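A.B. asks:
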Amino acid sequence: MNITLRLLCDDDYDAFHAIVSDFDVVKMTSSWPYPAEEEFTRMRMSTPEAKTGQVNAIEVNGEFAGVVGVVNADVGYFIGKAFWGRGVMTHALKMKTNEFFSDPSSTVLTSCVWHDNPASARVLEKNGFRKTGECIDFCKARNAEVQSLQFELTKETWLQNVGATPIPQIKTSRLELRPIRMDDAPAITNY
Amino acid sequence: MQWLSAPPWPYESKDAEWFVTQDYPTHWAIEAGNGLIGVIAFDPTLGYWLAAEEQGQGYMSEAVNAVLAWHFDQSDSPVISSHMPQNSASRRVLLKHGFTDTKLEKIFSRTHGRETDIQRMELTADRWQQLENRGAIA
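Chains as they are written, first to last, in the working numbering: chain E, 2 to 192; chain W, 15 to 152.
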């Protein structure tokens, strides 16, 4: 099974809209309407976050499966029912968290799931997210307030997960490689 | 800068400050005796840049070799790296160290503010070992 993240494109519309027409999918999101609205789907496919790849399409063996996006250091996602229960979302979230933390300014990534969505909570936990609290939020598809579980993944945990080790100083015949320091900032800016 | 996709442009001192104040550094400063001339990162994809006036002397190849040797000394996991297809100097460095093409992708470049092609490459531990045994890598 080949799972990739890529930019959303117009050709995704039919598959995308079919997924958000499924109540079992959108009831687990906060902002998606039910029944699905074509205009809303098109709007969400063309936001600045989608254009710049903050929100990505998830593709499974060349087929559009869902979306994963990080906006304001908070990650959200959904995939179509046909792709549930096969580890697709866990792997797609892993790729997205790797991308997020490869930006040195990223320190913590948050996410929320509804209390009645244990499958999604497991996706977060398998990626190292830990529960930090609970709150009540509004779910548009259900037109109701729902209890929400808040999760976070710290950079420290992420680095442990990816097996990153602190980097050593390395000397070669002509070069010295040393961990970057605070006082390197001016030199880096000048380049 | 034209071959990078992650840094914002224009690049300001606050961006550099962000860059150096990580709790868990994954970036090395490259020095050749007279201060920082470039950066190489393993986070866990391999990325690097070298000051324009220092290019063409094999410095980056030497740095990449050192970082790969460090990695494969402690791990068998493959190393991923990417470059823009037109960046032939960067490509040569990767090819020399045994990287092979995996796929050509489009990404959004924060540096350019638009989509750009990116060639993904991979180096497996087996391939690294083969080249090292043959003495193909200095």
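Here a beta-carbon is modelled for each residue, glycine too, at the ideal position from N, C-alpha and C. The model shown is predicted, which means the values in this text are computed figures rather than measured ones.
Using alpha carbons as the reference points, say which of W/Phe122, W/Leu145, W/Thr114, W/Val81 lies closest to E/Ala169.
C.D. replies: The residue you call residue 169 of chain E lines up with position 168 of the first sequence. It is Pro, not Ala, that sits at residue 169 of chain E in the sequence shown. Taking only the C-alpha atoms, the option nearest E/Pro169 is W/Val81.
A.B. asks: Count Cβ pairs between the region 4–15 of chain E and the region 42–49 of chain E that sit closer than 8 Å; are there 3 or more?
C.D. replies: The region 4–15 of chain E, when compared against the region 42–49 of chain E, does touch it at the 8 Å Cβ threshold.
A.B. asks: Using CA atoms only, rank isn't needed, just tell me which of E/Leu125, E/Ala66, E/Thr30 is closest to E/Thr1.
C.D. replies: The first residue shown for chain E is 2 and the last is 192, placing residue 1 of chain E beyond what the model contains.
A.B. asks: Using 9 Å as the limit for Cβ to Cβ distance, is W/Gly49 near chain E?
C.D. replies: By one-based count along the second sequence, residue 49 of chain W stands at place 35. Closer than 9 Å to some Cβ of chain E, the Cβ of W/Gly49 qualifies, so yes.
A.B. asks: Ignore the nearest five residues each way along the sequence and tell me which others in E/Thr111's own chain have a CB closer than 6 Å to its CB.
C.D. replies: As a working note, residue 111 of chain E is residue 110 in the first sequence. The answer, listed in chain order, is Asp75, Glu153.
A.B. asks: With a cut-off of 9 Å, does the C-beta of E/Lys52 fall near any C-beta of chain W?
C.D. replies: By 1-based counting over the first sequence, the position of residue 52 of chain E is 51. Chain W, which has a Cβ nearer than 9 Å to the Cβ of E/Lys52, makes this yes.
A.B. asks: Along chain W, in chain order, which residues have C-beta atoms closer than 7 Å to that of E/Glu177?
C.D. replies: By 1-based counting over the first sequence, the position of residue 177 of chain E is 176. Simply Glu45.
A.B. asks: What is the rounded straight-line gap between the Cα of E/Val71 and the Cα of E/Ala16?
C.D. replies: Residue numbering aside, residue 71 of chain E sits at position 70 when the first sequence is read from its first letter. Residue numbering aside, residue 16 of chain E sits at position 15 when the first sequence is read from its first letter. One C-alpha to the other measures close to 21 Å.
A.B. asks: Using a threshold of 8 Å, is the CB atom of E/Glu177 nearer than that to any non-hydrogen atom of the ligand ZN?
C.D. replies: No copy of the ligand ZN occurs in the structure displayed, which carries no ligand at all.
A.B. asks: Applying a beta-carbon distance threshold of less than 8 Å, which residues of chain E neighbour W/Tyr73?
C.D. replies: Position 59 of the second sequence holds residue 73 of chain W. In chain order: Arg175, Leu176.
A.B. asks: Helix, strand or coil: which one does DSSP assign to W/Met135?
C.D. replies: Here residue 135 of chain W refers to the residue found at position 121 when the second sequence is read from its first residue. Three-state DSSP puts W/Met135 in a strand.
A.B. asks: Start and end of the alpha helix (DSSP H) containing E/Gln161?
C.D. replies: On the first sequence, position 160 is the one that residue 161 of chain E refers to. 156–162 is the span of the alpha helix (DSSP H), which, as asked, contains E/Gln161.
A.B. asks: Comparing alpha-carbon positions, which option in E/Thr53, E/Ala120, E/Gln151, E/Asn62 lies nearest E/Phe79?
C.D. replies: Here the question's residue 79 of chain E lines up with position 78 in the first sequence. Selected option, being the one with the closest Cα: E/Ala120.
A.B. asks: Measuring straight from C-alpha to C-alpha, what distance separates E/Glu64 and E/Gly81?
C.D. replies: To locate residue 64 of chain E, count along the first sequence from 1; it is residue 63. To locate residue 81 of chain E, count along the first sequence from 1; it is residue 80. Whole-angstrom Cα-Cα distance: 11 Å.
A.B. asks: Does E/Pro169 get closer than 9 Å to chain W when you measure Cβ to Cβ?
C.D. replies: Numbered from 1 along the first sequence, position 168 holds the residue referred to as residue 169 of chain E. Chain W, which has a Cβ nearer than 9 Å to the Cβ of E/Pro169, makes this yes.
A.B. asks: Which residue's Cα is closest to the Cα of E/His92: E/Thr173, E/Val61, E/Pro187?
C.D. replies: Taking the first sequence and counting its residues from 1, the one referred to as residue 92 of chain E is at position 91. Of the candidates E/Thr173, E/Val61, E/Pro187, the one whose C-alpha sits nearest the C-alpha of E/His92 is E/Val61.
A.B. asks: Consider the Cβ of W/Ile54: report whether some Cβ of chain E lies at a distance smaller than 9 Å.
C.D. replies: Along the second sequence, read from residue 1 onward, the residue named residue 54 of chain W stands at position 40. Chain E, which has a Cβ nearer than 9 Å to the Cβ of W/Ile54, makes this yes.
A.B. asks: According to the neighbour-count rule (16 or more other Cβ atoms, all chains shown, within 10 Å of its Cβ), is W/Ser91 buried or exposed?
C.D. replies: Working through the second sequence from its first residue, we reach residue 91 of chain W at position 77. Exposed, because fewer than 16 other Cβ atoms sit within 10 Å of the Cβ of W/Ser91.
A.B. asks: Within 10 angstroms of the Cβ of W/Ser89, are there 16 or more other Cβ atoms? Answer buried if so, exposed if not.
C.D. replies: Here residue 89 of chain W refers to the residue found at position 75 when the second sequence is read from its first residue. Per the 10 Å Cβ criterion, exposed.
A.B. asks: Please classify E/Thr133: is it buried, with 16 or more other beta-carbons within 10 angstroms of its beta-carbon, or exposed?
C.D. replies: For the purposes of this step, residue 133 of chain E is identified with residue 132 of the first sequence, where counting begins at 1. Exposed: under 16 other Cβ atoms inside 10 Å.
A.B. asks: Taking 9 Å as the CB-CB limit, is W/Val34 close to chain E?
C.D. replies: Locating residue 34 of chain W in the second sequence gives position 20, counting from the first residue. Bear in mind that the predicted position of W/Val34 carries a pLDDT of just 48, short of 50, making it too unreliable to give a figure here.
A.B. asks: Grouping DSSP H, G and I as helix and E and B as strand, with all else coil, what is E/Thr133?
C.D. replies: Numbered from its first residue, the first sequence carries residue 133 of chain E at position 132. E/Thr133 falls in the strand class under three-state DSSP.
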